[in-house]
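Participant: I have a structure here, written as structure tokens, and I will follow up with some questions on it.
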Amino acid sequence: MKTKQLLQIFLITSLCLITACQKQEKPTVSVLTDEKKYDSAEELLEQMTLEEKIGQLFIIRPESLDSSLTNSQVHDPSRYGVTALSQSMIDTLQNYPVGGICMFSKNILNPDQIKTFTHDLQKASSIHLLMGIDEEGGSVSRIANNKNFHVTQYQNMAAIGQTNDQNQAYQVGQTIGHYLKEYSFNLDFAPVADVNTNPDNPVIGVRSFGRDATLVGQMVSEEIKGFHSENMMTCIKHFPGHGDTKTDTHLGYATTSKTWQDMQNCELIPFLKGIESHTDMIMVSHITALQVTNDHLPSSLSYEMISERLKNELGYDGIIITDSLAMQAITNQYSSSQAAVQAFEAGNDILLMPQDYKEAFKGIKEAVQNKEISETRLNHSVLKILRLKAKYKLI
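In full-length UniProt numbering, the protein residues as written are 1 to 395.
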């Protein structure tokens with residue numbers, strides 16, 4: 001009897017130990033869920049340091065976090081692709097936090113790699129990142145044009161536009177949004193809202209839905225709805241319309257001679273449709289609209305274009321983001337610090353890929369400390385960004 005009791009005690013004790021061991025083996029709460037949740041964007045804003053606030057204003061290439069690379073290496077389109085998180089990048093994030101990352105083809109090897117990379121970046125960031133990509137469909141598709149990804153490949157948007165079938169545009173947004181979400185992206189810099197009115201345009205062309213502004217607007221609207229059906233953020237581009245230029249802002253100064261009235265009759269129609277469909281962001285180009293603004297600045301740096309025209313006249317109150325500040329239309333004339341401060345003062349909320357991220361970050365910080373940029377103005381943009389992240393359950 002005693003032996004039987006001892007055996008029962010032994011079995012119960014063993015079971016408890018096994019259960020305890022099993023409990024210890026369960027993973028701890030992921031840093032990607034509960035540990036980064038806040039009751040509201042406002043609550044999070046109140047807890048943030050100045051540096052954390054400034055960081056939210058920037059979306060950068062992952063290479064900008066790697067202190068071993070020069071600025072020319074960071075922005076080389078085909079070389080020096082960072083494909084995994086390093087200790088150097090973690091260290092940079094501690095001192096220069098960011099609001100988001102934009103991935104390019106050179107950062108993407110295969111499904112497992114990009115999932116791990118994006119997960120590790122999110123884990124290393126104190127506030128969840130906007131994880132962006134240019135996945136327009138057609139020639140500009142970082143995922144679909146990679147042979148290691150077996151996803152739907154679309155023709156250029158000009159071919160979709162030629163069908164005159166709005167449902168196809170919806171399907172493009174829904175399909176791309178679905179597979180981007182699978183690979184841990186939450187923001188697509190799409191759709192292209194430019195109207196391709198100039199056959200000599202070197203940068204838009206078949207990326208646009210076509211030459212008819214009304215058709216382009218309808219297609220843009222439906223594609224946004226498709227993206228949103230998959231909980232994917234959208235960013236329409238390139239305000240106030242890059243389809244009529246003869247030069248490429250990647251390579252230097254570009255102008256349009258159109259008046260505001262001309263734009264209202266054509267270029268602005270798709271952007272207004274995008275606003276009606278609740279696009280999450282509008283990207284402002286670097287083209288100079290000589291007949292619209294008196295400052296003759298690139299649109300991305302122009303208070304007249306952004307604050308007076310886009311915000312006040314068109315009534316857009318969503319997030320405004322610059323085109324890449326590493327493009328030569330900007331870098332030929334401005335330092336990274338100058339461009340960042342001027343773009344923010346013009347009314348942008350997010351500053352995309354400055355040539356020198358640390359210099360741009362320091363420029364904004366100094367402008368806030370010197371009262372050139374008020375903390376009220378800074379908080380206004382940061383709160384917009386945090387509210388967007390909250391809407392998509394990133395905070």
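Note that beta-carbon positions come from the ideal geometry of N, C-alpha and C, so glycine has one too.
In chain order, what residues of the same chain have a beta carbon less than 6 Å from the beta carbon of Ile321, not counting five sequence neighbours either side?
Facilitator: Position 321 of the sequence shown, counted from the first residue, corresponds to residue 321. Counting only residues of its own chain and dropping the five nearest sequence neighbours on each side, Ile321 has a CB closer than 6 Å to the CB of Met281, Met283, Ile350 and Leu352.
Participant: With DSSP as the reference, please indicate the residues paired to Asn239 in a beta bridge.
Facilitator: Here residue 239 refers to the residue found at position 239 when the sequence shown is read from its first residue. First, the residue type needs correcting, since residue 239 is Phe and not Asn in the sequence shown. Phe239 pairs with Val284.
Participant: Quick check on the burial criterion: 16 or more other C-beta atoms within 10 angstroms. Buried or exposed for Arg309?
Facilitator: Here residue 309 refers to the residue found at position 309 when the sequence shown is read from its first residue. So Arg309 counts as buried.
Participant: Under 9 Å between the Cβ atoms of Gln56 and Pro97?
Facilitator: In the sequence shown, the residue the question calls residue 56 occupies position 56. In the sequence shown, the residue the question calls residue 97 occupies position 97. In contact: Gln56 and Pro97 (Cβ atoms closer than 9 Å).
Participant: From which residue to which residue does the alpha helix (DSSP H) around Met157 run?
Facilitator: What you label residue 157 is simply residue 157 of the sequence shown in a count that begins at 1. Per DSSP, Met157 belongs to the alpha helix (DSSP H) from Met157 to Thr163.
Participant: Assign Arg79 to one of two classes, buried (16 or more other C-beta atoms within 10 Å of its C-beta) or exposed (fewer than that).
Facilitator: Looking up residue 79 in the sequence shown gives position 79. It is exposed - the Cβ of Arg79 has fewer than 16 other Cβ atoms within 10 Å.
Participant: Use the C-beta contact count for Gly99: other C-beta atoms within 10 angstroms, 16 or more gives buried, fewer gives exposed.
Facilitator: Residue 99 sits at position 99 when you count from the first residue of the sequence shown. Answer is buried; the Cβ neighbour count reaches 16.
Participant: Less than 7 Å between C-beta atoms, sequence neighbours within five positions excluded: which residues of the same chain meet that for Val172?
Facilitator: The residue labelled residue 172 in the question sits at position 172 within the sequence shown. Gly137, Tyr154, Ile160, Glu223 and Gly226, listed in sequence order.
Participant: If you follow the alpha helix (DSSP H) that Phe117 is in, where does it begin and where does it stop?
Facilitator: Looking up residue 117 in the sequence shown gives position 117. That run of the alpha helix (DSSP H) goes Pro111 to Ala124.
Participant: Cα separation between His228 and Asp188?
Facilitator: Your numbering for residue 228 matches position 228 in the sequence shown. Your numbering for residue 188 matches position 188 in the sequence shown. Cα-Cα distance, rounded: 11 Å.
Participant: Tell me whether Leu386 is buried or exposed, calling it buried when 16 or more other Cβ atoms sit within 10 Å of its Cβ.
Facilitator: The count along the sequence shown starts at 1 and reaches residue 386 at position 386. Here Leu386 is buried. Its C-beta has 16 or more other C-beta atoms within 10 Å.
Participant: Hey, Gly241 and Asp200: beta-carbon distance below 9 Å or not?
Facilitator: The sequence position of residue 241 within the sequence shown is 241, counting from 1. The sequence position of residue 200 within the sequence shown is 200, counting from 1. No, these two residues do not count as a Cβ contact at 9 Å.
Participant: So, helix, strand or coil for Gly318, using DSSP?
Facilitator: As a first step, residue 318 must be located in the sequence shown, where it is residue number 318. Coil at Gly318, not helix or strand.
Participant: For Ile101 versus Leu130, is the C-beta spacing smaller than 9 Å?
Facilitator: Sequence index remark: in the sequence shown, residue 101 carries index 101 (1-based). Sequence index remark: in the sequence shown, residue 130 carries index 130 (1-based). Taking 9 Å as the Cβ cut-off, Ile101 and Leu130 qualify as a contacting pair.
Participant: With a cut-off of 8 Å, do at least 3 Cβ pairs link the region 266–275 to the region 351–368?
Facilitator: Taking 8 Å as the limit for Cβ pairs, the verdict is that the region 351–368 does not touch the region 266–275.
Participant: Check each candidate in Leu45, Glu135, Asn332 and Ser125 and name the one with the smallest Cα separation from Pro62.
Facilitator: What you label residue 62 is simply residue 62 of the sequence shown in a count that begins at 1. Comparing Cα positions, the closest option is Ser125.
Participant: With DSSP run on the structure shown, which of helix, strand or coil describes Ser221?
Facilitator: Taking the first residue of the sequence shown as 1, we reach residue 221 at position 221. It is helical.
Participant: At a cut of 8 Å, does the region 39–46 reach the region 323–342 through at least three beta carbon pairs?
Facilitator: no
Participant: Could you give the first and the last residue of the continuous beta strand (DSSP E) run that contains Ile60?
Facilitator: On the sequence shown, position 60 is the one that residue 60 refers to. Element bounds for Ile60: Phe58 to Ile60.
Participant: Measuring only the C-alpha atoms, how far is Lys389 from Ile395?
Facilitator: Taking the first residue of the sequence shown as 1, we reach residue 389 at position 389. Taking the first residue of the sequence shown as 1, we reach residue 395 at position 395. Cα to Cα, Lys389 sits roughly 6 Å from Ile395.
Participant: I want to know whether the region 196–215 touches the region 144–151 - three or more CB-CB distances under 8 Å.
Facilitator: Segments in contact, no.
Participant: Using a Cβ-Cβ cut-off of 6 Å (strictly less than) and excluding sequence neighbours within five positions of Lys106, which residues of its own chain qualify?
Facilitator: Taking the sequence shown and counting its residues from 1, one reaches residue 106 at position 106. The residues are Gly81.
Participant: Can you tell me which of Asn231, Thr214, Glu276 and Thr293 puts its alpha carbon nearest to the alpha carbon of Asn265?
Facilitator: Translated into the one-based positions of the sequence shown, residue 265 becomes position 265. Selection Asn231, Thr214, Glu276 and Thr293 evaluated against Asn265 yields Thr214 as nearest (Cα-Cα).
Participant: According to DSSP, simplified to helix, strand and coil, what is Glu267?
Facilitator: As a working mapping, residue 267 is identified with position 267 in the sequence shown. DSSP places Glu267 in coil when its eight states are reduced to three.
Participant: Under the rule that 16 or more other beta-carbon atoms within 10 Å means buried, what is Glu135, buried or exposed?
Facilitator: Here residue 135 refers to the residue found at position 135 when the sequence shown is read from its first residue. Glu135 comes out buried.
Participant: Going by DSSP, what residue range makes up the beta strand (DSSP E) through Glu135?
Facilitator: For this step, residue 135 is matched to residue 135 along the sequence shown. From DSSP, the beta strand (DSSP E) with Glu135 extends over Glu135 to Gly137.
Participant: My output table needs one value for Leu290: the three-state DSSP class, helix, strand or coil.
Facilitator: Position 290 of the sequence shown, counted from the first residue, corresponds to residue 290. The answer is coil: DSSP assigns Leu290 none of H, G, I, E or B.
Participant: How far does the alpha helix (DSSP H) with Ile330 in it extend, from its first residue to its last?
Facilitator: What you label residue 330 is simply residue 330 of the sequence shown in a count that begins at 1. Start and end: Gln328 to Thr331.
Participant: Taking only three categories from DSSP, how would you classify Val382?
Facilitator: Translated into the one-based positions of the sequence shown, residue 382 becomes position 382. Helix, per DSSP.
Participant: What alpha helix (DSSP H) runs, 4 residues minimum, are completely inside the region 324–367?
Facilitator: 328–331 and 336–346
Participant: Out of Ile176, Glu276 and Ala289, which one is the CA nearest neighbour of Met263?
Facilitator: Along the sequence shown, read from residue 1 onward, the residue named residue 263 stands at position 263. Checking every option, the nearest Cα to that of Met263 belongs to Ala289.
Participant: Could you have a look at residue 460 and say whether DSSP puts it in helix, strand or coil?
Facilitator: For residue 460 there is no data in the structure shown, the boundaries of the chain being 1 and 395.
Participant: Could you compute how far the alpha carbon of Gln73 sits from the alpha carbon of Asp165?
Facilitator: To locate residue 73, count along the sequence shown from 1; it is residue 73. To locate residue 165, count along the sequence shown from 1; it is residue 165. If I take the Cα positions, the gap works out to 42 Å.
Participant: What is the DSSP secondary structure of Val206, counted as helix, strand or coil?
Facilitator: Counting from one through the sequence shown, the residue named residue 206 turns up at place 206. Three-state result, Val206: helix.
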